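Quick note: the sequence shown uses my numbering, first residue 2, plus one each step. For reference, the structure is listed below as C-alpha cells.
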Amino acid sequence: TDYKKLYRDVLAKLYTKHELEERDDYNDVIGESMESREACYTLLDMTGDGKAELIVYVWPGITSIYGVKDGKISLLFSTYMDTTCSILNDNTIVTGTRISNTAAPDRPVNAGVGFECYRYNQQTGKFEDYGGGEAINPESDEYNADDGQYYDNLMSKVVMETFEGANIPVTPENIAKIK
C-alpha cells in the first residue's frame, strides 16, 4: 500500500471538501468555516514502524494523527477544540486543557492545566490513555505536588507541539510533494 497516497487523499479531502477523515466532530463544528482556518500538517514516525504518520493541525487546537492499518487510513489519535497536543521524545502524547479558577474569592487561584498521557498500543493500533492529572497553582488548596512534578517532567521531554510542528500549509502544491 502506498501509505503516502492515502495521506495525500486525506489532505486533498480536507482542502477541497473541508472535511477531516474520521472526524465527524470536526466536520460538524468547523467544516463550513474551514476557509478561514488554515490547516497544516507534518509527517513524523509516531508508532516506531519506520513509516511516518500524518499529523494534521487546525486552529483552534484540533489535532488528528493518521496512520495506515490493513491498507486503509486509520485515525490513531485526535484532540478536540482548545486542546494542546505535545509529542514527547519517546512518542508519548500529552494533551492539555485549561482549568479555570474555581476557588472561592478568599482562597488562592486554582487554575492550571488538566493533562492526559497516551502511548501507542501495537495490538489495537491506537494511542491509549495511561494516566494524567492536574497541574495547578502550587498555592491552591487543591494542589497535588506529584501531579505538578509529573507534568513538569513530561513537558521537559517535548519535541513538538502540534500547533508549531504541523507547519506545512494544506495546499495542492504541498499535498503533491508528499511522495
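Just so it is clear, CB atoms sit at the ideal spot from N, CA and C, and this is done for glycine as well. Computed from a predicted structure; not experimentally measured.
- Buried is the label assigned to Y121, since at least 16 other Cβ atoms lie within 10 Å of its Cβ.
- Per DSSP, reduced to three states, the secondary structure at V11 is helical.
- Assigned with DSSP and collapsed to three states, Y131 falls in strand.
- Remark: C-beta atoms of Y4 and V69 approach each other more closely than 7 Å.
- In the three-state DSSP reduction, N175 falls in the helix class (H, G or I).
- Within the same chain, and ignoring the five residues on either side of E140 in sequence, the residues whose Cβ sits closer than 8 Å to its Cβ are P109 and V110.
- By the neighbour-count criterion, in which 16 or more other beta carbons inside 10 Å mark a residue as buried, A177 falls on the exposed side.
- Nearest to C86 by C-alpha distance, out of S75, Q150, L77 and T98, is T98.
- Of the residues T103, T96 and D142, the one whose Cα lies closest to the Cα of G132 is T96.
- Spanning the alpha carbons of Q124 and G134 requires a straight line of approximately 26 Å.
- Rounded to whole angstroms, the gap between the alpha carbons of E22 and D148 is 34 Å.
- Taking a 10 Å sphere around the C-beta of S157, we find fewer than 16 other C-beta atoms and assign the residue as exposed.
- Straight across, the Cα-Cα distance linking Y81 with A167 is about 16 Å.
- Annotation for L15: L21, A40 and V171 place their beta carbon closer than 6 Å to its own, counting only its chain and skipping 5 residues before and after.
- Judged by DSSP in its simplified three-state form, Y144 adopts coil rather than helix or strand.
- Of the candidates K18, R9 and F128, F128 places its Cα closest to the Cα of I88.
- In this structure, DSSP gives Y119 an extended state, which the three-state scheme calls strand.
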